[in-house]
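K.L.:
Pasting in a structure now, in structure tokens, and then I'll have a few things to ask.
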Amino acid sequence: MSRIEDIFLLARDSLNDQNAQRWSDETLFRNLRMAIKDIATKSHIFKNQVNIALRNGISVYELPAGLLRVSHMTYANEQLPLVTSGWMLHNASPDWRTDVIEVPRQCLKFGVFDEIKRQELALYPRPFGSFEYSYSSLPTPYGIVTDIEEYDQLSYYGAVADIQSEGISEAQTSYYGVISDITEVDFVTVYYSECPRLPYVVTDTLPIDESFDSTLKFFITGMALRNDVDQMNRQIASEEFALYERDLEALIDLADTDSVAAPWFESHYNPMG
Numbered sequence: 001m002s003r004i005e006d007i008f009l010l011a012r013d014s015l016n017d018q019n020a021q022r023w024s025d026e027t028l029f030r031n032l033r034m035a036i037k038d039i040a041t042k043s044h045i046f047k048n049q050v051n052i053a054l055r056n057g058i059s060v061y062e063l064p065a066g067l068l069r070v071s072h073m074t075y076a077n078e079q080l081p082l083v084t085s086g087w088m089l090h091n092a093s094p095d096w097r098t099d100v101i102e103v104p105r106q107c108l109k110f111g112v113f114d115e116i117k118r119q120e121l122a123l124y125p126r127p128f129g130s131f132e133y134s135y136s137s138l139p140t141p142y143g144i145v146t147d148i149e150e151y152d153q154l155s156y157y158g159a160v161a162d163i164q165s166e167g168i169s170e171a172q173t174s175y176y177g178v179i180s181d182i183t184e185v186d187f188v189t190v191y192y193s194e195c196p197r198l199p200y201v202v203t204d205t206l207p208i209d210e211s212f213d214s215t216l217k218f219f220i221t222g223m224a225l226r227n228d229v230d231q232m233n234r235q236i237a238s239e240e241f242a243l244y245e246r247d248l249e250a251l252i253d254l255a256d257t258d259s260v261a262a263p264w265f266e267s268h269y270n271p272m273g
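The structure is reproduced here in structure tokens:
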């Protein structure tokens, strides 16, 4: 029996619906997905990071799907203050979106992010210039790389098929098993919380530790009973949600404990812009 099936079994015990006569698995799945979304938005416990490669003349970049909040960002391992478009309007330049400045390496000033429009990140100034740096390899007549400057070779069979380097975003230009070229690009690193991938089948992996399975069960059961017209069931739903909120507070405490303080983070966020 899968973990999701175990959670549904616990929920059906509380619902007195062991034979799934009143609440279908699809109904419980919808409630499970709502529970994960609720935990994600209230606790911000699901954290991730992404490297965004700079492109010549491009100031607005797409952020990952499911992103909830940007906590901080770095450029060349240094502080890049995170501000809103409203802050830029009042403190930088009214025409900051159209300002054209040639930016040498390591001269970005701000990352601009509005929580109302979570899928975009703007950089200021607009990064004009070349941000790609190619590495030279030992010449071979076979079109494959057998050695790269400043890199350790991980393969011992003549051709480079894999590379490793901390703090660098690499673009591999060969998709045929071996590396034929490599380019290093400038990038910003964005640290964020997200809503994780949601489950749709019982074999899917849940993004939260199994010690919180009862937390998911409380939400699933509470939502099922809350939508019932029976007054007694709605009262039980309130009790289930009270237990869920108790566990959610513990999750929020964990999220705060797991967060590493970033001394360079400077926030000017105003949700009204």
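Once you know that position 201 of the sequence shown is 201 in the numbering used here, the rest is easy, because the numbers rise by one and skip nothing.
Beta carbons are placed, not taken as given, at the ideal position from N, Cα and C, and that holds for glycine.
#1: Taking 7 Å as the limit between beta carbons, can you name the residues of its chain near Glu62, skipping five residues before and five after?
#2: Starting from Gly111, trace the beta strand (DSSP E) both ways and give me its first and last residue.
#3: Quick one: is Asn31 buried, meaning 16 or more other Cβ sit within 10 Å of its Cβ, or exposed?
#4: Can you list, in chain order, the residues of its chain whose CB lies under 6 Å from that of Tyr274, leaving out five sequence neighbours each side?
#5: Tell whether a beta-carbon distance below 8 Å holds between Val70 and Val112.
#6: Tell me whether Asn51 sits in a helix, a strand or coil according to DSSP, three-state version.
#7: Just confirm the distance between the C-beta atoms of Leu216 and Ile7, as a whole number of angstroms; I'd bet it's less than 8 Å.
#8: Considering only their Cβ atoms, is the gap separating Trp23 from Leu10 smaller than 8 Å?
#9: Under 8 Å by Cβ, that's how I've got Ala255 and His44 pegged, so tell me the actual separation to the nearest angstrom.
#10: Could you tell me which residues DSSP puts in a beta bridge with Lys37?
#11: Which value, in whole angstroms, describes the spacing of the CA atoms of Ala35 and Ile220?
#12: What are the partner residues of His72, as DSSP defines its beta bridges?
#13: Do the stretch 224-238 and the stretch 47-61 touch if we need at least three Cβ pairs shorter than 8 Å?
#14: Measure the CB-CB distance between Leu251 and Ile58 and report whether it falls below 8 Å.
#15: For Glu166, count the other beta carbons within 10 Å of its own beta carbon; 16 or more makes it buried, fewer makes it exposed. Which is it?
#16: Going by CA-CA distance only, name the one from Gly66, Arg55, Glu78 and Lys37 that's closest to Ala122.
#17: Which class does Tyr200 belong to by DSSP, given the choice of helix, strand or coil?
#18: Note down, in chain order, each residue of its chain lying with its Cβ closer than 7 Å to the Cβ of Asn233, except the 5 sequence neighbours on either side.
#19: Is Gln119 helix, strand or coil by DSSP?
#20: Have a look at Trp96, Thr98, Phe218 and Glu26 and flag the residue whose alpha-carbon is nearest the alpha-carbon of Ala242.
#21: Between the Cα of Leu80 and those of Lys42, Glu115 and Tyr124, spot the shortest distance and give me the residue it belongs to.
#22: Which one of Ala65, Trp96 and Thr41 has the shortest CA to CA distance from Glu249?
#23: Just to confirm my understanding: we take Val60, look at its own chain, exclude 5 residues before and 5 after, and list those with CB closer than 6 Å. What are they?
P.N.:
Here's the rundown:
#1: Gln119 and Glu120
#2: Phe110 to Asp114
#3: buried
#4: The structure shown does not extend to residue 274, since the chain spans only 1 to 273, so no value can be given for it.
#5: no
#6: strand
#7: 6 Å
#8: no
#9: 6 Å
#10: None, per the DSSP bridge assignment.
#11: 7 Å
#12: Tyr191
#13: no
#14: no
#15: Note that Glu166 scores a pLDDT of 49, beneath 50, so its modelled location is shaky and nothing firm can be said.
#16: Arg55
#17: coil
#18: Leu225
#19: strand
#20: Phe218
#21: Tyr124
#22: Thr41
#23: Glu120 and Ala122
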